[in-house]
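Trainee:
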Ligand code: HEM
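Numbering (our numbering), first residue to last: 2 to 155.
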């Protein structure tokens, strides 16, 4: 169970990033061309919401129940884990940055829905998706980092 969820969590990061990039480019193109906010824009936003929400739930399951890293190594010795660069990343940094990314994505989604002017919708979509992507990029354990993981789960 643990390995399967970790595999999916690792792979799904790419769908989160791809759908986020798609939403970002749709917003940018909308601002540049001043075109109406069309169904394809809504679909891009929805795809980003769905992938990031599922990823969040999988991450939460790993964090609170499935991962031996948190349940066996970090939680029983939280104070000591805070002093270790790698364990601190998994204990707080990854979770915090991803919760902030999820919040930015959702705030953006609500603000886009509330705006009545198409240009304002595109601008909000672009800016909040950009913020979410920066936070996602900062929270991903890229291979070159001390706590890095492989780019693909196989
Ligand atoms: C929503 C965006 C998220 C992205 C893009 C993301 C991405 C990743 C990636 C790439 C890994 C490494 C997987 C591997 O070993 O190949 C990972 C591991 C992990 N993530 Fe996330 N994550 C997200 C959210 C979360 C959240 C919200 C939590 C906790 C509440 C979380 C908890 C974990 C844990 C505990 C691990 C390590 C599990 C282990 O090695 O045993 N993730 N995540």
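Backbone N, C-alpha and C fix where the C-beta goes; we use that ideal spot for every residue, glycine too.
For clarity, every value in this text was computed on a predicted model and none was experimentally measured.
DSSP state of residue 144, grouped into three classes?
Mentor: Three-state result, residue 144: coil.
Trainee: At what residues does the alpha helix (DSSP H) containing residue 54 begin and finish?
Mentor: Run containing residue 54: 40-62, per the alpha helix (DSSP H) assignment.
Trainee: Cα-Cα, which of 15, 113 and 76 is closest to residue 56?
Mentor: Per the Cα distances, 15.
Trainee: Cutting at 6 Å between CB atoms, please list the residues of its own chain near residue 148, excluding the five before and the five after it.
Mentor: Excluding sequence neighbours, residue 148 sits near 87, 90 and 142.
Trainee: Would you mind reading off the limits of the alpha helix (DSSP H) that contains residue 68?
Mentor: Per DSSP, residue 68 belongs to no alpha helix (DSSP H) and is neither H nor E.
Trainee: Give the DSSP-derived three-state secondary structure of residue 122 in the structure shown.
Mentor: Correct three-state label for residue 122: helix.
Trainee: May I ask which residues mark the beginning and end of the alpha helix (DSSP H) holding residue 117?
Mentor: Taken as a continuous stretch (DSSP letters only), residue 117 belongs to no alpha helix (DSSP H), as it is neither H nor E.
Trainee: Any heavy atom of the ligand HEM closer than 6 Å to the Cβ of residue 144?
Mentor: The answer is no for residue 144.
Trainee: Tell me whether residue 134 is buried or exposed, calling it buried when 16 or more other Cβ atoms sit within 10 Å of its Cβ.
Mentor: Burial call: buried.
Trainee: With C-beta atoms as the reference, is residue 67 less than 7 Å away from residue 98?
Mentor: Not a contact, by the Cβ cut-off of 7 Å.
Trainee: Given 6 Å as the limit, tell me if residue 17 has its C-beta closer than that to any heavy atom belonging to the ligand HEM.
Mentor: Answer for residue 17: yes, Cβ within range of the ligand HEM.
Trainee: Are residue 92 and residue 75 close, meaning C-beta to C-beta below 7 Å?
Mentor: Contact: yes.
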